[in-house]
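If you number the sequence shown the way this note's numbering does, the last residue is 384 and the count never jumps.
Positions of the beta carbon are idealized from the N, C-alpha and C atoms, including for glycine.
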Amino acid sequence: MKYEYEKATLSVHAGKKPDSLGVVSSIETSSAFHYIDEETQLYPRYFNTPNQQIVIDQICCLEGAEAGLIFGSGMAAISTALTSFLSPGDHAVFQEAIYGGTQSLILEEFDRLGIKYSFAACNSDALIAAIQPNTRIVYAETPANPLLQVVDLPKLVAGTKSRDVITIVDNTFASPINQNPLKLGIDVVIHSGTKYLGGHSDLSFGAVVARQALIDPIYRKAIHYGGNLNALSCYLIERSIKTLAIRVNQQNQNALRIAEFLAGHSCIDQVFYPGLDSHPGHMIAASQMTGFGGMLSFCLAENLSAKRFLESLELIAPAMSLGAVESTVTIPAFTSHKPLPQELREELGISNQLVRMSVGVESANDLIDDLKHALTRAANSKRESRTFSGVHQ
Ligand SMILES: *Cc1c(COP(=O)(O)O)cnc(C)c1O
-8 MKYEYEKATL
2 SVHAGKKPDS
12 LGVVSSIETS
22 SAFHYIDEET
32 QLYPRYFNTP
42 NQQIVIDQIC
52 CLEGAEAGLI
62 FGSGMAAIST
72 ALTSFLSPGD
82 HAVFQEAIYG
92 GTQSLILEEF
102 DRLGIKYSFA
112 ACNSDALIAA
122 IQPNTRIVYA
132 ETPANPLLQV
142 VDLPKLVAGT
152 KSRDVITIVD
162 NTFASPINQN
172 PLKLGIDVVI
182 HSGTKYLGGH
192 SDLSFGAVVA
202 RQALIDPIYR
212 KAIHYGGNLN
222 ALSCYLIERS
232 IKTLAIRVNQ
242 QNQNALRIAE
252 FLAGHSCIDQ
262 VFYPGLDSHP
272 GHMIAASQMT
282 GFGGMLSFCL
292 AENLSAKRFL
302 ESLELIAPAM
312 SLGAVESTVT
322 IPAFTSHKPL
332 PQELREELGI
342 SNQLVRMSVG
352 VESANDLIDD
362 LKHALTRAAN
372 SKRESRTFSG
382 VHQ
């Protein structure tokens, strides 16, 4: 498949086998394949079965990558990639706003493995400044969860070029439709495919893409750790990716409209969306992303009950995951960031009033109406309860 095709075309056509009988591939469930030759032995845990290969081709095409691997989850991709490059005594730099699972992997496993690490603020200068003589990896996640901070990737690449470090970007929030870090000079891109690539809240997988020379060492570890994906999931992913561009483009448009609506609402103190001029990362996002994504977050005014707001939503579901066709919301302080002490959360800007929204592909008008009504109900219930308590004073 030609990389010059636009994303909408690549989404539909990448991974297609020219010799296939139909326009979609067949599902090859075998775990025992006929012996081919000395070089080629197909086996699910060798990450080379036909259905695995199709999905890898699709993601490589969309990211502009030479090679890649898919895994049973995003964390399998992250843990396999990190432990492929890091040995005892090595050091890694991570940005401090990072996916919770990645953070607990670092905090709970790295000491035991003898791997040193630092957390740096969410910007390229801080990440570069944290590099030490034994640093092997600089790891960024942009836009980040849940405040959508943006890291300047070309600056990160420029600042790490003269060092012997591998730059890794978790590109889950952007999806390959909105951002291609490899094209900006980043070495390795990771996805939790459970989110946008899968896109329908019904499967779990992960991907790593890079140049062949960097995939080789990850592949050798992957065979040992065995986080491979089955043919039926591969087939569903192949099907999901065909609509990736149209889903993400719709999510970009919906999210911008919702962010603008929320920014003008009296019950909202602050909106975090890279597509808004007011967002600190807006200029960087505009220069390195082709769309601002479907994730945003906002702070409810102090006098509004976050619980009442969530209960009052009819269309938008309070749910943990993100990146799917249906819109969902969470309160990070009570979900993804619950394990952190309250003071640390406040320091990171994650108050109990912060709501994170994953915008789906529904009609933006209906989503805005749902938010509007829930905000009104949450505001009224606060006023009612105040009058009520006043009566009893
Ligand atoms: C969900 C997520 C992961 C982990 O992916 P799983 O598929 O749940 O293992 C990693 N990074 C980011 C940014 C995520 O949102």
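Using C-beta distances below 8 Å, list every residue in its chain close to D28, excluding the 5 sequence neighbours before and after it, in chain order.
Here the question's residue 28 lines up with position 37 in the sequence shown. For D28, where only same-chain residues beyond five positions count, there are no Cβ hits under 8 Å.
Notebook entry, point to check: Is DSSP giving R368 helix, strand or coil here?
Noted result: By 1-based counting over the sequence shown, the position of residue 368 is 377. Helix at R368.
For this session: Note down, one range per segment and in chain order, each beta strand (DSSP E) of at least 3 residues found wholly within the segment 192 to 228.
Result: 197 to 201
Return yes when the Cβ of P208 is within less than 8 Å of the Cβ of L53, no when it is not. To locate residue 53, count along the sequence shown from 1; it is residue 62. To locate residue 208, count along the sequence shown from 1; it is residue 217. No. Outside cutoff.
Here's the rule I'm using: 16 or more other beta-carbon atoms within 10 Å means buried, otherwise exposed. How should V382 be labelled? Along the sequence shown, read from residue 1 onward, the residue named residue 382 stands at position 391. With a pLDDT of 40 at V382, under the threshold of 50, the modelled position of this residue cannot be trusted; read the value that follows with caution. Counting Cβ neighbours within 10 Å, V382 comes out exposed, since fewer than 16 surround it.
Supposed contact pair F196 and I157 - C-beta distance, whole angstroms, cut 8 Å | As a first step, residue 157 must be located in the sequence shown, where it is residue number 166. As a first step, residue 196 must be located in the sequence shown, where it is residue number 205. Wrong, their Cβ atoms sit about 23 Å apart, outside the cutoff.
**Study point:** Heavy atom of ligand 1 within 7 Å of G65 beta-carbon
**Key:** Numbered from its first residue, the sequence shown carries residue 65 at position 74. Yes, ligand 1 has a heavy atom inside 7 Å of this Cβ.
request  = Indicate, with yes or no, if ligand 1 has a heavy atom lying under 7 Å from the CB of S95.
outcome  = As a first step, residue 95 must be located in the sequence shown, where it is residue number 104. Not under cutoff, so the answer is no.
* Throw me the rounded Cβ distance for the R248 and I359 pair, which I believe falls under 8 Å. => For this step, residue 248 is matched to residue 257 along the sequence shown. For this step, residue 359 is matched to residue 368 along the sequence shown. Their Cβ separation, rounded to whole angstroms, is 7 Å, which keeps R248 and I359 in contact under 8 Å.
Pick helix, strand or coil for C290, following the three-state DSSP scheme.
-> Locating residue 290 in the sequence shown gives position 299, where the first residue counts as 1. It is a strand residue.
* To do: Return the residue from the list P124, F85, V179, K174 that minimises the CA-CA distance to R154.
  => In the sequence shown, residue 154 corresponds to position 163, counting from 1. For the residues P124, F85, V179, K174, the minimum Cα distance to R154 belongs to P124.
For this session: Would you mind reading off the limits of the beta strand (DSSP E) that contains V160?
Result: Locating residue 160 in the sequence shown gives position 169, counting from the first residue. Start and end: 157 to 161.
* Please report the Cβ distance between N42 and E19, rounded to the nearest whole angstrom; I am assuming they are in contact, meaning their Cβ atoms lie under 8 Å. => Taking the first residue of the sequence shown as position 1, residue 42 is located at position 51. Taking the first residue of the sequence shown as position 1, residue 19 is located at position 28. Indeed they touch by this definition, with Cβ atoms about 6 Å apart.
Which residue comes first and which comes last in the alpha helix (DSSP H) that contains S109? One-based indexing of the sequence shown puts residue 109 at position 118. Run containing S109: none in the alpha helix (DSSP H); it sits in the beta strand (DSSP E), 107 to 111.
Exercise. Is N136 near ligand 1, with its Cβ less than 7 Å from a heavy atom?
Worked result: As a position in the sequence shown, residue 136 is number 145, starting the count at 1. Yes, the Cβ of N136 comes within 7 Å of a heavy atom of ligand 1.
Check your understanding: Can you tell me the Cα-Cα spacing of A213 and M348, whole angstroms?
Key -> Translated into the one-based positions of the sequence shown, residue 213 becomes position 222. Translated into the one-based positions of the sequence shown, residue 348 becomes position 357. If I take the Cα positions, the gap works out to 33 Å.
inquiry  = Going by DSSP, what residue range makes up the beta strand (DSSP E) through H82?
reply    = Taking the sequence shown and counting its residues from 1, one reaches residue 82 at position 91. Run containing H82: 82 to 86, per the beta strand (DSSP E) assignment.
Return the chain-ordered list of same chain residues with a C-beta closer than 7 Å to the C-beta of S75, the five sequence neighbours on each side being excluded.
Here the question's residue 75 lines up with position 84 in the sequence shown. Here the set comprises P208, I209, K212.
Cβ of K329 versus every heavy atom of ligand 3: is any distance shorter than 7 Å? This structure lacks ligand 3; the ligands present are ligand 1.
If the criterion is Cβ atoms closer than 8 Å, does the pair A236 and A(-1) meet it? Stepping through the sequence shown from its first residue, residue 236 is reached at position 245. Stepping through the sequence shown from its first residue, residue -1 is reached at position 8. Yes, Cβ-Cβ distance for A236 and A(-1) is below 8 Å.
Check your understanding: Are the beta-carbon atoms of D118 and A131 separated by less than 8 Å?
Key -> For this step, residue 118 is matched to residue 127 along the sequence shown. For this step, residue 131 is matched to residue 140 along the sequence shown. Checking the displayed sequence, the identity of residue 118 turns out to be Leu instead of Asp. Closer than 8 Å, so yes.
Exercise. Assign R202 to buried or exposed, taking buried as 16 or more other Cβ atoms, counted over all protein chains shown, within 10 Å of its Cβ.
Key: Taking the sequence shown and counting its residues from 1, the one referred to as residue 202 is at position 211. Counting Cβ neighbours within 10 Å, R202 comes out exposed, since fewer than 16 surround it.
Could you check what DSSP says for H383 in three-state terms: helix, strand or coil? Within the sequence shown, numbered from 1, the residue matching residue 383 stands at position 392. For H383, the pLDDT reaches just 38, beneath the cut-off of 50, and the residue's location in the model is therefore unreliable, leaving the point undetermined.
Original post:
Helix, strand or coil for H273 per DSSP?
Top reply: Counting from one through the sequence shown, the residue named residue 273 turns up at place 282. H273 falls in the helix class under three-state DSSP.
* Is it true that the CB of A277 sits closer than 8 Å to the CB of Y264? -> The residue labelled residue 264 in the question sits at position 273 within the sequence shown. The residue labelled residue 277 in the question sits at position 286 within the sequence shown. Cβ atoms of Y264 and A277: not closer than 8 Å.
Beta-carbon separation of C258 and A297 under 8 Å? Numbered from 1 along the sequence shown, position 267 holds the residue referred to as residue 258. Numbered from 1 along the sequence shown, position 306 holds the residue referred to as residue 297. No, they are not a contact pair.
> Is the beta carbon of A165 less than 8 Å from the beta carbon of G184?
Replying inline: Stepping through the sequence shown from its first residue, residue 165 is reached at position 174. Stepping through the sequence shown from its first residue, residue 184 is reached at position 193. Cβ atoms of A165 and G184: not closer than 8 Å.
Could you tell me whether the segment 238 to 247 touches the segment 84 to 100, where touching means 3 or more Cβ pairs closer than 8 Å? no
- Task: Quick one: residues in its chain with C-beta nearer than 7 Å to the C-beta of S380, no 5 flanking neighbours on either side, listed in chain order?
- Result: Locating residue 380 in the sequence shown gives position 389, counting from the first residue. Unreliable placement is indicated for S380, whose pLDDT of 42 sits below 50; the coordinate value is still reported in the next sentence. The answer is none, since no qualifying residue turns up.
Handout entry: Any non-hydrogen atom of ligand 1 closer than 7 Å to E54 Cβ
Key = Start at 1 with the first residue of the sequence shown, and residue 54 comes out as number 63. Not so, every heavy atom of ligand 1 lies at least 7 Å from the Cβ.
* Can you name, in chain order, every residue of its own chain whose Cβ lies under 6 Å from the Cβ of L33, other than the five neighbours on each side? -> The residue given as residue 33 occupies position 42 in the sequence shown. Correct list, in chain order: F24, N39, T40.
Q | Distance between beta carbons of D361 and L399, contact taken as under 8 Å | A | Because the chain is modelled from -8 through 384, residue 399 falls outside the range shown and cannot be assessed.
Once you ignore the five residues that flank G92 on each side, which residues in its own chain have a CB closer than 6 Å to its CB?
In the sequence shown, residue 92 corresponds to position 101, counting from 1. For G92, where only same-chain residues beyond five positions count, the Cβ hits under 6 Å are M66.
- Drop a sphere of 10 angstroms on the beta-carbon of H182, count the other beta-carbons inside from all chains shown, and report buried for 16 or more, exposed for fewer. Within the sequence shown, residue 182 is the residue found at index 191, counting from 1. The residue in question, H182, is buried, as its Cβ has 16 or more Cβ neighbours within 10 Å.
Exercise. Would you tell me roughly how many angstroms separate the C-alpha atoms of A68 and N114, rounded to the nearest one?
Key: Position 77 of the sequence shown, counting from 1, holds the residue named residue 68. Position 123 of the sequence shown, counting from 1, holds the residue named residue 114. A68 and N114: Cα-Cα distance of roughly 24 Å.
Quiz item: In three-state DSSP terms, what is A68?
Solution: The residue given as residue 68 occupies position 77 in the sequence shown. Residue state, collapsed to three classes: helix.
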